[in-house]
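Participant: Shown below is the structure under consideration.
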Amino acid sequence: MQFDHFRAHLDDYNDTRERLIKLTLSCALQASRDVTIIAKRTIFLIHRIAIDDDDDAPLRAATSAQKKLLEVHAIYAKLKPDLIGDRFWRYHRQVSPGLQEYIEALSFAHYLQHHTLITFSQVQKSLCDPDGAPVRIRITPPA
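Residues 1 to 143 (our numbering) make up the sequence shown, in order.
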């Protein structure tokens, strides 16, 4: 009887973990692995367009990348309920690789568009759900 609370807590943890893993491994664009793929393809897209000879190529590349990264926003919006508060740290291994690739693609596109490095707050603002509310996935600012 006294362990029922702990059992329920562990069951909830394991259910959430399994759901995230299943999302990560699914064929549909639902989680970290899919975010990684989209971000890598976005980076390659930027490289292909940015090497064109015309002066507008970097801006075109950044614009195309921003459109592609909107797919990532939809994925993170779906993951939001499972990553609120301290729960992010429990499941960070499942979402961290995709998040890192997303930030790399976002940074590259931002640099081509603005000729500056993206700030921590700009990265945070980029992670919004379809309604415009921040997803607020925890990202540790650089030391």
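A virtual CB, placed ideally from N, CA and C, is assigned to each residue, including glycine.
Owing to the predicted nature of the structure, the values given are computational and were not obtained by experimental measurement.
Answer yes if the segment 47-56 comes into contact with the segment 66-84, meaning at least three C-beta pairs across the two stretches below 8 Å, and no otherwise.
Facilitator: Verdict: no, contact absent.
Participant: Short of 6 Å in beta carbon distance, which residues of its chain neighbour S107, apart from the five on each side in sequence? Order them along the chain.
Facilitator: Around S107: I118.
Participant: Thinking C-alpha only, which one of F44, A61, S32 and A109 is nearest V72?
Facilitator: The residue with the shortest Cα to Cα distance from V72 is S32.
Participant: Nearest-angstrom Cα distance between A62 and T16?
Facilitator: Straight-line Cα distance between these residues: approximately 35 Å.
Participant: Are the beta-carbon atoms belonging to Y91 and L20 less than 7 Å from one another?
Facilitator: Taking 7 Å as the Cβ cut-off, Y91 and L20 qualify as a contacting pair.
Participant: Can you check whether the CB of G98 is closer than 7 Å to the CB of V35?
Facilitator: Yes, these two residues count as a Cβ contact at 7 Å.
Participant: On a Cα-Cα basis, can you pick out the residue from A105, Q100, L127 and H114 that is closest to D56?
Facilitator: Nearest of A105, Q100, L127 and H114 to D56, Cα basis: H114.
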